[in-house]
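Residue numbers (numbering that gives the first Met the number 0), protein chains in the order written: chain F, 0 to 293; chain H, 0 to 316.
As structure tokens, the structure follows; a few thoughts come after it.
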Amino acid sequence: MRKFKDLAARRMMLVLTFIPGFIVLLMLFGLFGKARPILAVKPIASLLFSSVWSPLKGQFGLWPFIMGTLWVTFVALILAAPVSLFTAVYLSEYAPRWIREFMKPIIDLLAGIPSVVYGVWGLLLIVPLVSKVLAPLFGVYSSGYSILAAGIVLAIMIFPTIIHVSIEVFASISYQVREASYSLGATKYETVRHVVLRKGAQGFLASVVLGLSRAFGETMAVLMVVGNIPKAPKSVFDGAATLPTLIANNYGEMMTIPQYDSALMLSALVLLLVVLFFNVLARFILTRVERRAE
Amino acid sequence: MKKTSLALIVIAGIFACFLPGQAQKPALEGYISLSGAWALYPMALKWQEEFQKIHPKVRIDVQAGGAGKGIADALNGAVDVGMVSRDIQKVEIDKGALPVAVTKDAVVPMISVKNPLLQDIQKKGLKRDQLIAIWITEQAKTWGELVGVKNDDPIRVFTRSDACGAAETWAAYLGKKQEDLKGVGIYGDPGLADAVRRAPLGVGYNNVGFAYDARTLKPVTGLAVLPIDINGNGTIDPDENFYVDRNQMTKAIAEGRYPSPPARNLFFVTKGKPQKAVLVEFIRWVLTEGQKYVPETGYINLSAEVLAEGLKAIGVK
Numbered sequence: 000m001r002k003f004k005d006l007a008a009r010r011m012m013l014v015l016t017f018i019p020g021f022i023v024l025l026m027l028f029g030l031f032g033k034a035r036p037i038l039a040v041k042p043i044a045s046l047l048f049s050s051v052w053s054p055l056k057g058q059f060g061l062w063p064f065i066m067g068t069l070w071v072t073f074v075a076l077i078l079a080a081p082v083s084l085f086t087a088v089y090l091s092e093y094a095p096r097w098i099r100e101f102m103k104p105i106i107d108l109l110a111g112i113p114s115v116v117y118g119v120w121g122l123l124l125i126v127p128l129v130s131k132v133l134a135p136l137f138g139v140y141s142s143g144y145s146i147l148a149a150g151i152v153l154a155i156m157i158f159p160t161i162i163h164v165s166i167e168v169f170a171s172i173s174y175q176v177r178e179a180s181y182s183l184g185a186t187k188y189e190t191v192r193h194v195v196l197r198k199g200a201q202g203f204l205a206s207v208v209l210g211l212s213r214a215f216g217e218t219m220a221v222l223m224v225v226g227n228i229p230k231a232p233k234s235v236f237d238g239a240a241t242l243p244t245l246i247a248n249n250y251g252e253m254m255t256i257p258q259y260d261s262a263l264m265l266s267a268l269v270l271l272l273v274v275l276f277f278n279v280l281a282r283f284i285l286t287r288v289e290r291r292a293e
Numbered sequence: 000m001k002k003t004s005l006a007l008i009v010i011a012g013i014f015a016c017f018l019p020g021q022a023q024k025p026a027l028e029g030y031i032s033l034s035g036a037w038a039l040y041p042m043a044l045k046w047q048e049e050f051q052k053i054h055p056k057v058r059i060d061v062q063a064g065g066a067g068k069g070i071a072d073a074l075n076g077a078v079d080v081g082m083v084s085r086d087i088q089k090v091e092i093d094k095g096a097l098p099v100a101v102t103k104d105a106v107v108p109m110i111s112v113k114n115p116l117l118q119d120i121q122k123k124g125l126k127r128d129q130l131i132a133i134w135i136t137e138q139a140k141t142w143g144e145l146v147g148v149k150n151d152d153p154i155r156v157f158t159r160s161d162a163c164g165a166a167e168t169w170a171a172y173l174g175k176k177q178e179d180l181k182g183v184g185i186y187g188d189p190g191l192a193d194a195v196r197r198a199p200l201g202v203g204y205n206n207v208g209f210a211y212d213a214r215t216l217k218p219v220t221g222l223a224v225l226p227i228d229i230n231g232n233g234t235i236d237p238d239e240n241f242y243v244d245r246n247q248m249t250k251a252i253a254e255g256r257y258p259s260p261p262a263r264n265l266f267f268v269t270k271g272k273p274q275k276a277v278l279v280e281f282i283r284w285v286l287t288e289g290q291k292y293v294p295e296t297g298y299i300n301l302s303a304e305v306l307a308e309g310l311k312a313i314g315v316k
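This is the structure:
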């Protein structure tokens, strides 16, 4: 009897473990099924690479949204990666213990702030910053609702992800490596630069990729500050739109315009595939890093 | 011994609660969910408040999110009532949408009070062609050319990013659809008002409920209504000048002096005839006793015929 309970518990937990993975598969198939009507009518290349978005006329070019997503994520990455790197290095190598214990929960707090709160904050602070300070600095006009504004807000949103994972990566580097460096007479800076960073580079890259996949899918905060213009952007001061904002904004019209729901499901599918890809990549790199550290 | 007697007392107590009291009508109870147009949101909140006062056991949830969300949620069965601030399309009716007109309001164009040409704009107004040149063809580039004054300030155009009735109605007035409206897309009616307020050279549009302050009945601080030159004679005549406060505005809409569109009926949409008793009662109440709250909330009453049609549609005499 006890043996049976043991076996049942084990099997049940096995099944439950597979459920999340199963759900992801369900989502993929569901989205693909819903996207098929439009894929049957239009070649995928015309959908992905056409720049005209005019659903009532039957034009579903996703290119402006793909570009918008890439631009916004790229800006967020450029802003977030260096700052996160320095923060993670400082916290794991230099900071006295009390600072580290104090900062860690604060950084995790940033991760917990709801997306819409970031959006409102971005509206109040970042949009005027871009339109009144940053754009005139470069001599251009911007309404403030721009790729730059969305990139700044996104960068702050992905700090916690990158910092958290990077700190763990640096912590996983065995202390003996650092000791060996010090024993050769290296300063702390030299140790960090040539030893820790070199060993932690792959892990840091993985953390950046994780942050990237979060940035890709971020919807509400971006929607409120990005300007929602369905045209591929030419500068960071232009307004633009991303795949997530496309879906969030137009979810209502789906029901009525023919093929619209199919087009939106296709963009959701593209988004899901991209995010999955980056997540898997990051996991793969991280497991390699962890295995090496053993 | 003690435990069993305690149990007996508890069970007796529970039975006592179910004993029939004096004969009374069972109180109406249940749950109603609404979602959709920002335009209907303030009115729906008022109706929710008053209906819950009369029927305290009924719980009503109201969510905004735009007319597009409203119709999608209603047709999906996610909510009981979709609030829609534009005409229902045939495709939507084919999918089972049953619209009931509950009140009327309008979309008004707005500018910032910090606009350097504010006086000229408010004196002359803009004709419909000029509005088309702003939002559709983008041929109007400066405020100066709109008002006939020497001024090179560029026009900063704003519109709604979410699928909503206000944009669809405004576009209908300009002869097009929401997707043809140009400009920076802002999410939500309050968001759009805010964007124009902060941009001195901005121009946008809002529902009357968000254009006017509910307390002072004047346009929201920082915003001014852009008068429409309806007869096209180049100035705002006294009978075209009703934008000063909300009461004059609603009177003009009710009397048809403000064009429809951008004035339009606001609808509650259900999927097919409402089945839940509490839902039928709520809509019936909205179309009858609830109408007395309409003017004080800044909306326009519908005619008795339209309301009667609505009652017929939901199956109430």
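All C-beta atoms in this analysis are idealised placements derived from N, C-alpha and C, irrespective of residue type, glycine included.
Proximity of residue i and residue j at Cβ, strictly below 9 Å
i      : j      : result
F:G118 : F:M219 : yes
F:L38  : F:L265 : yes
H:W37  : H:N206 : yes
H:V117 : H:D152 : Checking the sequence shown, residue 117 of chain H turns out to be Leu, not Val. No, the pair does not count as a contact, with Cβ atoms beyond the cut-off.
H:Y211 : H:E49  : no
F:L285 : F:V126 : no
H:T102 : H:Y257 : no
F:M254 : H:E91  : yes
H:D79  : H:T269 : yes
Rounded Cβ spacing between residue i and residue j (contact assumed at less than 8 Å)
i      : j      : result
F:S130 : F:G226 : No, F:S130 and F:G226 are not in contact; Cβ-Cβ is about 11 Å, not under 8 Å.
F:S50  : F:G57  : Not a contact, Cβ separation roughly 15 Å.
H:M168 : H:P260 : The residue asked about is misnamed: residue 168 of chain H is Thr in this sequence, not Met. Confirmed, Cβ separation roughly 5 Å.
F:A87  : F:S165 : 4 Å
F:K198 : F:P63  : The Cβ separation is near 41 Å, so there is no contact.
H:V202 : H:I133 : 6 Å
H:A100 : H:F266 : 6 Å
H:F209 : H:A223 : That pair is no contact at about 14 Å.
H:A96  : H:A73  : 7 Å
Three-way DSSP call (helix, strand, coil) for residue i in this model
i      : result
H:I110 : strand
H:M42  : helix
H:W37  : coil
F:Y250 : coil
F:G121 : helix
H:Q121 : helix
H:L97  : strand
H:P294 : helix
H:G164 : helix
H:P115 : coil
F:Q58  : strand
H:V78  : coil
H:P218 : strand
H:N205 : strand
F:S53  : strand
H:T102 : strand
H:L200 : coil
H:P25  : coil
H:G233 : coil
H:K270 : strand
H:L265 : strand
H:A223 : strand
F:F277 : helix
H:G174 : coil
F:V221 : helix
H:V315 : coil
Residue i - partner residues in DSSP beta bridges
i      : result
H:P153 : H:T141
H:R58  : H:Y30
H:G184 : H:T158
F:F236 : Its beta-bridge partners do not exist; DSSP assigns none.
H:I299 : H:K103
F:V269 : Paired residue(s): none; F:V269 is not in a bridge.
F:A74  : Note that residue 74 of chain F is Val in the sequence shown here, rather than Ala. BP columns for F:V74 are empty, so no partner.
H:Y211 : H:P218
Proximal residues of chain B, C-beta to C-beta of residue i below 8 Å
i      : result
H:Y186 : The chain labelled as chain B is not found among the protein chains of the depicted structure, namely F and H.
*Quick one: any contact between the segment 95–113 of chain H and the segment 196–206 of chain H, if contact means 3 or more CB pairs under 8 Å?*
yes
_Three Cβ pairs or more, each shorter than 8 Å: is that satisfied between the segment 205–213 of chain F and the segment 157–164 of chain F?_
yes
*Would the segment 264–282 of chain H and the segment 29–36 of chain H be scored as touching if the rule is three or more Cβ pairs under 8 Å?*
yes
*asked:* Does the structure place the segment 127–141 of chain F close enough to the segment 229–238 of chain F that three or more beta carbon pairs sit under 8 Å?
replied: yes
_Meets three-Cβ-pair contact criterion under 8 Å: the segment 29–46 of chain F and the segment 178–192 of chain F_ = no
_Touch test, the segment 215–231 of chain H against the segment 124–132 of chain H, Cβ-Cβ under 8 Å, three pairs minimum_ = yes
*Three or more C-beta pairs below 8 Å linking the segment 161–179 of chain H and the segment 81–99 of chain H*: yes
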